[in-house]
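**Student:** Below is one structure. I have some questions about it.
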Amino acid sequence: MSSLPVIAHTDPSALTRKDFVPSAEVKWCPGCVDYSILNQVQKLLPTLGIPRENFAFVSGIGCSSRFPFYMETFGLHTIHGRAPAIATGLKLARPDLDVWVVTGDGDSLAIGGNHFMHALRRNVGLKVLLFNNRIYGLTKGQYSPTSELGKVTKSAPLGSIDYPVDPVTLALGAGATFIARAMGNDGPQLYDVLARAARHNATAPTEIYTNCVIFNDGAFDQYTENKAEAQLRMVHGQPLRFGKDGDKGIAIDQHGRPIVVPGDAPNVLVHDEQSDVLAFLLARLSPPEFPQSFGVLRAVERDSYEALAHAQIAAAKAKRKADLQALLGSGETWEVR
Amino acid sequence: MSSLPVIAHTDPSALTRKDFVPSAEVKWCPGCVDYSILNQVQKLLPTLGIPRENFAFVSGIGCSSRFPFYMETFGLHTIHGRAPAIATGLKLARPDLDVWVVTGDGDSLAIGGNHFMHALRRNVGLKVLLFNNRIYGLTKGQYSPTSELGKVTKSAPLGSIDYPVDPVTLALGAGATFIARAMGNDGPQLYDVLARAARHNATAPTEIYTNCVIFNDGAFDQYTENKAEAQLRMVHGQPLRFGKDGDKGIAIDQHGRPIVVPGDAPNVLVHDEQSDVLAFLLARLSPPEFPQSFGVLRAVERDSYEALAHAQIAAAKAKRKADLQALLGSGETWEVR
Amino acid sequence: MNKNVETLDSVVIRFAGDSGDGMQLTGTQFTETTALAGNDVATFPDYPAEIRAPAGTVAGVSGFQIQFSSHEVFTPGDAPDVLVAMNAAALKVNLGDVKKGGTLIVNSAGFDKKNLEKAGLARSPLEDGSLAAYRVIALDVTALTMKALEGTTLGRKAAERSKNFFALGLVYWMFTRPLEHTIDWIHAKFAKKSPEVAEANIAALKAGHVYGENAEIFAHSFVVPPAAIEPGRYKNLSGNEAIALGLVTAAQLAGLDLFLGTYPITPASDILHHLAALRHFGVTTFQAEDEIAGVVSAIGASYGGALAATTTSGPGLALKGEGMGLALMMELPLVVIDVQRGGPSTGLPTKTEQADLLQAIFGRHGESPLPVLAPSTPADCFWTAIEAARIAIRHMTPVIVLSDGYLANGVEPFKIPDVAAIPRIPVHFRTDPSGFFPYERDEHLARPWALPGTPGLEHRIGGLEKHQQTGAISYDGDNHEQMVRTRAAKVAKVAESYAPTEVLGDASGEVLFVGWGSTYGSIRQAVRTLRARGHQVGQVHLRNLNPLPADLAAIFGRYRKVIVPELNLGQLSFLLRGKLLVDVVSHTKVQGKPFKESELLEAAAPHLAKNPKEKHELIAGDRAHGSERADA
Amino acid sequence: MNKNVETLDSVVIRFAGDSGDGMQLTGTQFTETTALAGNDVATFPDYPAEIRAPAGTVAGVSGFQIQFSSHEVFTPGDAPDVLVAMNAAALKVNLGDVKKGGTLIVNSAGFDKKNLEKAGLARSPLEDGSLAAYRVIALDVTALTMKALEGTTLGRKAAERSKNFFALGLVYWMFTRPLEHTIDWIHAKFAKKSPEVAEANIAALKAGHVYGENAEIFAHSFVVPPAAIEPGRYKNLSGNEAIALGLVTAAQLAGLDLFLGTYPITPASDILHHLAALRHFGVTTFQAEDEIAGVVSAIGASYGGALAATTTSGPGLALKGEGMGLALMMELPLVVIDVQRGGPSTGLPTKTEQADLLQAIFGRHGESPLPVLAPSTPADCFWTAIEAARIAIRHMTPVIVLSDGYLANGVEPFKIPDVAAIPRIPVHFRTDPSGFFPYERDEHLARPWALPGTPGLEHRIGGLEKHQQTGAISYDGDNHEQMVRTRAAKVAKVAESYAPTEVLGDASGEVLFVGWGSTYGSIRQAVRTLRARGHQVGQVHLRNLNPLPADLAAIFGRYRKVIVPELNLGQLSFLLRGKLLVDVVSHTKVQGKPFKESELLEAAAPHLAKNPKEKHELIAGDRAHGSERADA
Ligand SMILES: Cc1ncc(C[n+]2csc(CCOP(=O)(O)OP(=O)(O)O)c2C)c(N)n1
Ligand SMILES: Cc1ncc(C[n+]2csc(CCOP(=O)(O)OP(=O)(O)O)c2C)c(N)n1
Ligand code: SF4
Ligand code: SF4
Ligand SMILES: [Mg+2]
Ligand SMILES: [Mg+2]
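Residue numbers (my numbering), protein chains in the order written: chain A, 12 to 348; chain B, 12 to 348; chain C, 5 to 636; chain D, 5 to 636.
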């Protein structure tokens, strides 16, 4: 029925990074890690075989949410926290589009926590770039839901008393079919992870650690100063090892608690992107006792929400004719002469 | 500074169930499991050693949220989804009160999902009764965020396409220090679990399966029809066994996946309320492959939000005098004559 | 046996009983049969607030009122001529409304000790003489039904459930109505699933009819001759269903898929339910996590090229304010339906009210004007939904439609339109990239609808103020002023497409009633009565609340007084005063109920001439100038 | 060397540079020193919208304007007499505002090729003759500063950062100002953390001063003699800080703990920041997950007996509508602060606007009236916050305070009050259980504040309509009507406590300006000028927007015209028209900026007498009847 214009698409094979760079000036602070993420995304998109006009970036409000302005694609810079819900409507209406959500830790976990959670549980086909700088950047430095306990900010001059939430465990709790984590300033790592997310069939959130040089500088140094000890790189089917030459491994005890064992111990766990319990365990690891996990924690295929929605519509259409005149005239009627 | 009236409290040792029964007529449908929950709560409160006037019940909107009207305590029947946030304000202002939140699966997980999640991560001292009937009762039977895929309701005549969310894994994902699950119509089970929740120092949510006889009758029959096989009762420090005479046990494989083993197998897991990974694993179990877990999944002590808040205020007061005249006159001033 | 038949002009009848007694069904059947017989009808269903209030109590009483007539009727009537009461609580709750001298048909089985207790009555009104002012027909409907079903295979309880059909049969006899329509309906409804129930219901229905025929309790039966109604095919339609059908029709007229993003709330949920059943029309209904997600998902869908709508009631409208602001800033079409209920806060969720008007017009931060419409009858909900979609698309703007609980659940005969005769809704998607600017405007001041997926149209828009042509973020003060004034001008421009305001009744005279929304029928009825008494009275019923029509001041000037009746504290009054500087008389009521005709007559009384000049000839439809209240 | 000193009445000076150049600090220091010197001052800081816009660009320009005078001043002035511009972008952005013939002090180092490029300038305005209409003083501030710092331990970059102090020193010389205050301030600020920075800044400051003294670029320096200001101790206070202090003071006056539930948003966040630093006053600040949690947590705290507040800006106010409805239904005290910014939607978040007025008054579903107040100056924010708390507690109601971005960040001298002299806020917590009904009312129509924890007061309330005395749920229509009208009457009653409306200027005459909020100063300045020109002009500045004072109609009647200037599309105008049926003249501007005096003079022109009767003697304070604009 829909009369959307029938359109000849452009050829995606000809696309290069430059095609995704608009003329607009990028206005993040010099040194902000947001630049690095922008760069990786602009590199990634031309490799996906999708016509440029089919990309839509939807963001909320925050420094990170300025992202769509810096992409030569369709872009919506909306209101604070609501991007996942707006994108859900767009993806439901237009499953042909490749819809990306760009959001910050405040945008997605403070005001937008519920929409984020529901997009995940519904498994809507959205790629979600969660710029986690553990601070509210745009509003000049209040603590966020991911800020550490005791953090001193303008809104918590004696230190924050809010226990932080971990976006990854939250996503797992909501039933996410995909969840990944990457360092925003580690180009290759980020690229690899985003390349996986881009190809996931349904909701694909990536938590990206994003250093804010102005209001939370150095927040992620702990993961880069001694990378081998501080980062656990997860590879599906491979043992979960870290440290110098993989001399340490992650295992699990009888209470279901993670433990560190020698890298060659027989009980070193093997990464399995299908196991949500394992993903939860890996997400819970954190320094100093453990390394922090990076990469794809979980990836399972499950019908996306829009696929189910359109299958239902298609089935209904196959079964019943959409005759508007008949619909209006249905039920008990009578004739007045 | 506060001039709240100084009040002689009533003697809690004299309280009985009857003291908590108000004159208001209970208006749930005959047969609704909400009655059973009301009954257990009214039995439990007099055992807690708390003066009656110190109980406050805060609810949102829904059949379940009518609960405060049926309790002879202080009660707020507020707006849809916001009870955890209102209760957070109340508890912060009045840590001396015993504040209970009463909510439904729609109230706490649809519109109120974010407040629920944030109350949990902040660890506010609230007892949360989550009446999960897997349906919107009050608005006459739409599917809820906990309704099963394919459920046929007025708002989904061809079956719901929403993957349900599990309140327990969601709570764990948010970092809950306590989470429990009980059958609403199993009086003793419910009483035991609520007695534990009532004594937890911080956020204590209990998911209560609540059969709605009108719009979702029989939703939980699967857990009662063959109780031994269908229910895993968790006891801290005890092996996780179920089935006839505990002939089966829950273990974990190298991928972190749960498996069923003979009850006397050496690798049967031991319940540990301190292990959130184990709690996540237990929460994920569900029929037909596994039993459903009931009881306390997780319970750890961690300072409550209001305790931290008031400690900070007390420390600040100890350090600096609150002299309003001095505050108004602080900074650069000058005299005009 | 008395075979007298008396002819009546209009009758008001109310069926009342416990919510388990099937009164809504009984009322609906009576309405349909009556409409089929050619009467004009207007109905008012009245449910209890609780889902399942305890049986037999006052809180559990359910009612259904119908006015039917041999001329046009506009309201279900003020006071019933006939009350059918199935138990003591139903009598207690409804008696006060019944006309003195009216008829009470009561099921005496509903007045036993237990029932009296539950109703909070010390003694039985059937016995204490308190019903002396009425004609009381008490019969043991329960026992009579049981007797009629002797020999069927049904148990006592199931059989008892048929008692409403006995009552219906009796009333059918009373008003000389055929049983066929209801018998057919029972067949269709029960024959497959439980043929015994069908059989029992039919038996009860016939028994009631026969009882009327034989028992010597009625002096005579009545007949209300058919009304002169516009020819065509009709069906009964509730406001909520009409909105759903209107939205689907609008989508078809525009050639778009319909997207509804919504969160359930009384009394709006049924719109979702109706639309969810229309997947085969390409309708997507998204039951969101809350009202905010409801409206913003619709914005996303609109951006993608769907006809997008969101439905809610007052508390939800409050929550959608920020989202609507985004839609009007992005200038995307969106239909927002607010089915008003008693407020503030949770208020009276099952009752009707008109108190969201100013919230709809002003309830967003910043200068954020948008068109606001209100349907006047259940069937008009259909046309108003289409009109809202038309404006939304033509002007690229969100539009609010203010329905209410009374329209939503009320039912009236709806003349089934010929789809082919309804004007299309033109949609122009921008496809040409050359010279494309996201905020360039057409003659309606609308910007282009530029869909993602269109090569060369890649652009970025959002909630920040934008450059007046390129849509790029602009912090420039002059540009902001220009944009603020342009958005206002765009909405003001909607009024240019209005037909001249229709004046019902006298085109000038003593009093003009100005109303909006569901008060249409009550006002219409009052105007008719006043004119019949010889007064010169007109009626303007506004469908467009924002912007207001340009010709109102001129019309107002033709009457000595302008009275504005509303189910709030005077919101339209305030609006008219502020916009037109006219000292209108505000007449308000906030009881969760529609106006009675008598209340409006009283309101008019002080402003009427002492000696009306002459009796008017009431022509059918009494329109001053006669454009159809349809989407012309 | 020229030692001439010229005496001036008023001067307007603007400091402008890159956001990294410390212009806000420079402006603040100049303001404080000038206030200490006894002038009356008014300021306007103007930040860039971006957090860190690229250095040197137009988007990154930051400005600070001060008017100081030997008589009362009410605005930072329309057009600067002196502009200090630290780079090309700053000159470009600000030049248009400078008075023809005004003085430009420019840092020539900010006009190199790179800077010109970033500013989007093809040629240097210093060289292309485009500044001929001004007195240009171009000096290489950067180099001069570097030179002054030779021998200090600081690196080049750090040293360069002191250049704003050089400029400040120069301007201090120009206006014959002492350096002590700033030197003290530098000591206090930097001495501990980085003594070298302190040293460098002081050296730069002194060098600038000496440069003015020695370089033969100024014909003379100026002096602006002290103004006649009410005696007392003063300090500079921004609107946001004033709100914070007002809330803490109100809590103390009421003997309650203060609870703030809020979510950060520009330009309101600073209120949170200020209050978060006051834990030792028993203040709880709860940084909630969103605005809804912000307002409802405050409701919870209010129910518990705290003085509860929530702070936000437009988008947040839209989100809080449902919560405010709950508060007014539960009838709990609550102070809602809306610091308005440019809208709609995200709009112009760093700019000022007054477009939330009708949203504040009408933006909730159902009939949900509540008191609305607006402060008129930064210092008045203090008193308005106290007044809001007083009304909230006395009438048991939420109250909205409408501040705006201009007040929030603006700074003015605040006369430090004697706390002991401010009237207490009486609080009565109900403790007696005998005869307790949750919705019984006192003489203010307020219900009792009954705290949990009080034995025998156990009761249940909520958002559903309640019985007018017991507070039990009531679906009764008459009760609902009674409650709706009572809630309205309660809010209307607030007006009974107002002092007679203050009229500034002439008590009758040609024109009355009626304003509200931050336009106070501009209007005041315009009225002063018009009266000086001999016109009879009055000013009413409304602090109470809802309910309106009862005496307005009488006052309006004393003028030939009523002009209502607003930074929106005429919201107060509409309100006054609707309430009073007066044909006021609306004068509006929506550019994210305050009115200029000249704009108001123009607006008044068509309505003024051609030949004003006589020149008025302008008495200090020019009040018609003189109640203090404080919380009396
Ligand atoms: C409804 C609403 N509330 C609050 C704000 C103010 N606000 C804008 S962005 C933001 C938080 C930004 O933090 P985050 O999402 O972490 O993004 P970042 O700037 O750190 O990238 C807030 C509170 C707003 N614009 N709208
Ligand atoms: C803001 C708002 N949105 C929607 C509603 C309508 N509403 C009331 S209760 C409810 C859901 C009830 O479901 P649940 O929380 O599961 O409670 P139950 O009735 O099943 O106990 C809804 C949608 C409302 N009252 N307010
Ligand atoms: S404030 Fe922080 S997050 Fe924002 S642009 Fe600057 S560095 Fe990046
Ligand atoms: S509708 Fe369901 S949940 Fe609600 S009261 Fe009835 S049985 Fe209980
Ligand atoms: Mg952030
Ligand atoms: Mg439920």
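C-beta: ideal position from N, C-alpha, C; glycine also.
Just so it is clear, the structure is predicted and the values come from calculations on it, not from any experiment.
With hydrogens ignored, establish whether the beta-carbon of aspartate 45(A) is closer than 7 Å to any heavy atom of ligand 3.
**Tutor:** yes
**Student:** Quick one: using the 10 Å Cβ neighbour count with 16 as the cut-off for buried, is proline 41(A) buried or exposed?
**Tutor:** exposed
**Student:** Drop a sphere of 10 angstroms on the beta-carbon of lysine 122(C), count the other beta-carbons inside from all chains shown, and report buried for 16 or more, exposed for fewer.
**Tutor:** buried
**Student:** Quick check on the DSSP output: the alpha helix (DSSP H) that includes glutamine 323(B) runs from which residue to which?
**Tutor:** 316–330
**Student:** Would you check if the segment 18–29 of chain C and the segment 268–287 of chain D touch, i.e. whether three or more CB-CB distances between them fall below 8 Å?
**Tutor:** no
**Student:** Classify glutamate 621(C) as helix, strand or coil using the three-state DSSP reduction.
**Tutor:** Bear in mind that a pLDDT of 45 at glutamate 621(C), under 50, signals an unreliable position, so the model cannot answer this.
**Student:** Taking the C-alpha atoms as reference points, what is the distance between valine 110(B) and glycine 73(A)?
**Tutor:** 35 Å
**Student:** Starting from isoleucine 270(B) and walking both ways along the beta strand (DSSP E), at which residues does that stretch end?
**Tutor:** 269–273
**Student:** Report the start-end ranges of each alpha helix (DSSP H) in the segment 215–243 of chain B that is 4 residues or longer and not cut off at the edges.
**Tutor:** 238–241
**Student:** Whose C-alpha, out of His471(C), Lys196(C), Thr186(C), Leu143(C), is nearest the C-alpha of phenylalanine 222(C)?
**Tutor:** Leu143(C)
**Student:** Quick one: measure Cβ to Cβ for proline 421(D) and leucine 339(B), integer angstroms, because I've assumed they're closer than 8 Å.
**Tutor:** 7 Å
**Student:** Judging by CA-CA distance, which residue of Leu321(D), Glu485(D), Val544(D) is the nearest neighbour of asparagine 572(C)?
**Tutor:** Glu485(D)
**Student:** Check whether the segment 98–117 of chain B and the segment 314–322 of chain B are in contact - that is, three or more C-beta pairs closer than 8 Å.
**Tutor:** Yes, the segment 98–117 of chain B touches the segment 314–322 of chain B.
**Student:** Does the Cβ-Cβ distance between proline 95(B) and alanine 121(B) come in under 8 Å?
**Tutor:** The answer is no: Cβ separation not under 8 Å.
**Student:** Hey, alanine 41(C) and proline 230(C) are a contact pair by Cβ (cut 8 Å); roughly how many whole angstroms apart?
**Tutor:** 7 Å
**Student:** Does ligand 2 have even one heavy atom less than 7 Å from the beta-carbon of leucine 87(B)?
**Tutor:** no
**Student:** Less than 8 Å between the beta carbons of leucine 411(D) and glycine 243(D), yes or no?
**Tutor:** yes
**Student:** Can you find the residues in the same chain that come closer than 6 Å, C-beta to C-beta, to isoleucine 395(D), ignoring five residues on each side of it along the sequence?
**Tutor:** Pro375, Val403, Val498
**Student:** Got a sec: does ligand 1 put a non-hydrogen atom nearer than 7 Å to the Cβ of phenylalanine 142(A)?
**Tutor:** In terms of side-chain proximity, the C-beta atom of phenylalanine 142(A) is found nearer than 7 Å to a non-hydrogen atom of ligand 1.
**Student:** Beta-carbon within less than 6 Å of arginine 207(B)'s beta-carbon, same chain only, minus the 5 sequence neighbours each way: which residues are those?
**Tutor:** Val307
**Student:** Does leucine 120(C) pass the burial test, meaning 16 or more other C-beta atoms within 10 Å, or should it be called exposed?
**Tutor:** buried
**Student:** Could you tell me which residues DSSP pairs with proline 49(C) in its beta bridges?
**Tutor:** For proline 49(C), which the question treats as bridged, DSSP gives the partners Phe68(C).
**Student:** Is glycine 42(C) close to ligand 2? I mean its beta-carbon at under 7 Å from any heavy atom of the ligand.
**Tutor:** No.
**Student:** Taking CB distances under 8 Å as the criterion, tell me whether glutamine 53(B) reaches chain D.
**Tutor:** no
**Student:** Just list the beta strand (DSSP E) runs in the segment 14–100 of chain A, keeping only unbroken ones of 3 residues or longer that don't cross its boundaries, in chain order.
**Tutor:** 66–70, 85–88
**Student:** Taking only beta-carbon atoms, is methionine 12(B) less than 8 Å away from chain D?
**Tutor:** Because the pLDDT at methionine 12(B) is just 47, under 50, the model does not fix this residue reliably, and the value given afterwards should be weighed accordingly. At a cut-off of 8 Å between C-beta atoms, methionine 12(B) counts as an interface residue with respect to chain D.
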